[in-house]
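**Student:** Structure incoming, see below.
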Amino acid sequence: MLDELLGEDEDACVENVAIGASTVAMSRYVNEEIEKVSNGSQIKPVILLDAGQDAGSETVGFALYIIEQLAACVENKDMIRNFLWIILPSTNPDGQEYSRGSFERWQKNYRSIMDYEATGVDITRNFDDFFTECFRVENKFSQNYPGPHPNSENETKFITNVMKKYKNGIKTYISFRRNGHAILYPFASRNVTLDNMQKTKTKADEIAKKVNQRAGGIQWFVSQSIYEMNGQPHCGHSVDYAYNKMDIHSSFEMRIFPETDNYIMSKFQSLPKGYDVSLRTGYFSGIREIYNLLESLFHFSVGCWSCAVLVAERACARGGARGRTARYHSVVSRGGGDASSANSSEHLLS
Numbered sequence: 001m002l003d004e005l006l007g008e009d010e011d012a013c014v015e016n017v018a019i020g021a022s023t024v025a026m027s028r029y030v031n032e033e034i035e036k037v038s039n040g041s042q043i044k045p046v047i048l049l050d051a052g053q054d055a056g057s058e059t060v061g062f063a064l065y066i067i068e069q070l071a072a073c074v075e076n077k078d079m080i081r082n083f084l085w086i087i088l089p090s091t092n093p094d095g096q097e098y099s100r101g102s103f104e105r106w107q108k109n110y111r112s113i114m115d116y117e118a119t120g121v122d123i124t125r126n127f128d129d130f131f132t133e134c135f136r137v138e139n140k141f142s143q144n145y146p147g148p149h150p151n152s153e154n155e156t157k158f159i160t161n162v163m164k165k166y167k168n169g170i171k172t173y174i175s176f177r178r179n180g181h182a183i184l185y186p187f188a189s190r191n192v193t194l195d196n197m198q199k200t201k202t203k204a205d206e207i208a209k210k211v212n213q214r215a216g217g218i219q220w221f222v223s224q225s226i227y228e229m230n231g232q233p234h235c236g237h238s239v240d241y242a243y244n245k246m247d248i249h250s251s252f253e254m255r256i257f258p259e260t261d262n263y264i265m266s267k268f269q270s271l272p273k274g275y276d277v278s279l280r281t282g283y284f285s286g287i288r289e290i291y292n293l294l295e296s297l298f299h300f301s302v303g304c305w306s307c308a309v310l311v312a313e314r315a316c317a318r319g320g321a322r323g324r325t326a327r328y329h330s331v332v333s334r335g336g337g338d339a340s341s342a343n344s345s346e347h348l349l350s
């Protein structure tokens, strides 16, 4: 499909590489680096983005929009020349697919829980940070059920494994969540502010300011802590895990597309035509601002890397299949237990 989009004289900047496995069809992963190309000893700093943990389709669509903007728009070429973008656009596809046809608000994955008729674990509460500090939700039918223990879900393991893999290079981590209009900084589990968090808060303020310039006409895009936004602790959060365990201090949750507020407002007046498009454009300006803030720290020169590091991996089961080397790095990870499956994609743009 990608080849069909190319012009006659156009070189491909994006390719697909399948490096995943399904729990149903495959039972073992074998990852090996098969190509590395570099124009020097310098390694690109990394920006890590994930979407869809809470089973929302809107965030997945926005993550794909970011990939499109980075890969297709010439005005953004500096963003992929100077940084390595690791984008996980669909970290809970089974939950997302179920929520599309469900009458209830679904935010868990869709793993069957053994010995119970309940289904699913809230991935957003399954990370190994302050997991036991919050009030323990034992009701397995609850949308807030955090799982039997931290990191119990394949989806959670997939995200944490990516963090560990690129830990030394990650300069910013952002998790996109649905139903909101805010950039949120740590912490989610407790209402405290550490002395060394001022830079993180300042970055969040700058991002919010940039989004408001483009999409703040109807509703203000706010900057605050995750705890303040929720009004209560949210333990096992991926942003807290990234901040505390991975030492990624520029870690944020970004709430996008305010479903509830828009629904209420639409009862009193119709929203402007193309409002979702303006929101999406505004949110991307926030992503661009993150890049600008990081770029100013590294002082890149034009042509610093013309090739950088290209990595492709192979994942196979017993007698499994090979992937193709690529600049567009795609990981498919299906799983969530014996009776569930989940697709996750890791897209690497360099």
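Going by UniProt numbering, the first residue of the sequence shown is number 1, and it counts up by one from there. Glycine residues also receive a C-beta, built at the ideal position from the N, C-alpha and C atoms. Just so you know, these numbers come straight off a predicted model, no measurement behind them.
Check for me: the alpha helix (DSSP H) holding Met114 runs from which residue to which?
**Tutor:** Premise fails: Met114 is in no alpha helix (DSSP H) and is neither H nor E.
**Student:** Buried or exposed, going by whether 16 or more other CB atoms sit within 10 Å of the CB of Phe62?
**Tutor:** By the 10 Å Cβ count, Phe62 comes out buried.
**Student:** Pick out the complete alpha helix (DSSP H) segments inside the segment 65-132, 4 residues or longer, and give them in chain order.
**Tutor:** Within the segment 65-132, the complete alpha helix (DSSP H) runs of at least 4 residues are 77-82, 93-100.
**Student:** For my contact list, Gly95 and Tyr110 are in at a C-beta cut-off of 8 Å; report their separation, rounded to the angstrom.
**Tutor:** Gly95 to Tyr110, Cβ: 5 Å. Contact.
**Student:** Rounding to the nearest angstrom, what Cα-Cα distance links Leu184 and Val192 in this structure?
**Tutor:** Their backbone Cα atoms lie some 14 Å apart in a straight line.
**Student:** Helix or strand or just coil, what does DSSP make of Gly274?
**Tutor:** Note: Gly274 maps to coil in three-state DSSP.
**Student:** For Thr59, which of helix, strand or coil comes out of DSSP?
**Tutor:** Note: Thr59 maps to helix in three-state DSSP.
**Student:** Quick one, which of Tyr173, Asp240, Ser142 has its alpha-carbon nearest Ser250's?
**Tutor:** Among Tyr173, Asp240, Ser142, the Cα nearest to that of Ser250 belongs to Tyr173.
**Student:** If contacts are defined as beta-carbon pairs under 8 Å, then Asn126 and Pro146 qualify, I think. What distance do you get, rounded to the angstrom?
**Tutor:** Indeed they touch by this definition, with Cβ atoms about 6 Å apart.
**Student:** Give a yes or no on whether the C-beta atoms belonging to Thr132 and Asp54 are separated by under 7 Å.
**Tutor:** No, Cβ-Cβ distance for Thr132 and Asp54 is not below 7 Å.
**Student:** Once you ignore the five residues that flank Arg190 on each side, which residues in its own chain have a CB closer than 8 Å to its CB?
**Tutor:** So the list reads Phe130, Glu133, Tyr227, Pro233, once near-sequence residues are dropped.
**Student:** Return the chain-ordered list of same chain residues with a C-beta closer than 6 Å to the C-beta of Phe141, the five sequence neighbours on each side being excluded.
**Tutor:** Ala118.
**Student:** Could you round the C-beta distance between Ile86 and Leu48 to whole angstroms and report it? I think they count as a contact, below 8 Å.
**Tutor:** The pair is a contact, with the Cβ atoms about 5 Å apart (cut-off 8 Å).
**Student:** Can you tell which of Phe298, Ser296, Ile287 has its C-alpha closest to the C-alpha of Asn76?
**Tutor:** Ranking the options by Cα distance to Asn76, first place goes to Ile287.
**Student:** Run through DSSP, which three-state label would Ala188 get?
**Tutor:** Looking at Ala188 - three-state DSSP - the assignment turns out to be coil, as it is neither helix nor strand.
**Student:** Is the distance from the Cβ of Glu289 to the Cβ of Ile218 below 7 Å?
**Tutor:** No.
**Student:** Asn154 to Lys209, Cα distance in whole Å?
**Tutor:** Going by the C-alpha atoms only, they are around 36 Å apart.
**Student:** Do the CB positions of Ser175 and Glu68 come within less than 7 Å of each other?
**Tutor:** No, they are not a contact pair.
**Student:** Would you mind reading off the limits of the beta strand (DSSP E) that contains Glu253?
**Tutor:** From DSSP, the beta strand (DSSP E) with Glu253 extends over 251-256.
**Student:** Helix, strand or coil for Ile174 per DSSP?
**Tutor:** Strand at Ile174.
**Student:** If contacts are defined as beta-carbon pairs under 8 Å, then Gly236 and Pro148 qualify, I think. What distance do you get, rounded to the angstrom?
**Tutor:** Contact flag wrong, Cβ pair sits at about 12 Å.
**Student:** In the DSSP assignment, what residue or residues form a beta bridge with Asp50?
**Tutor:** DSSP, once it has assigned bridges, lists Leu88, Ser175 as partnering Asp50.
**Student:** Between which two residues does the beta strand (DSSP E) containing Gln224 stretch?
**Tutor:** Taken as a continuous stretch (DSSP letters only), the beta strand (DSSP E) holding Gln224 covers 222-225.
**Student:** So Ser90 and Gly52 are supposed to be a Cβ contact under 8 Å. How far apart are they, rounded?
**Tutor:** Ser90 to Gly52, Cβ: 5 Å. Contact.
**Student:** Taking only beta-carbon positions, decide if Tyr243 is within less than 7 Å of chain D.
**Tutor:** Among the chains of the structure shown, chain D does not appear; only one protein chain is present.
**Student:** State the Cα-Cα distance for the pair Lys164 and Leu84, rounded to the nearest angstrom.
**Tutor:** Lys164 and Leu84: Cα-Cα distance of roughly 15 Å.
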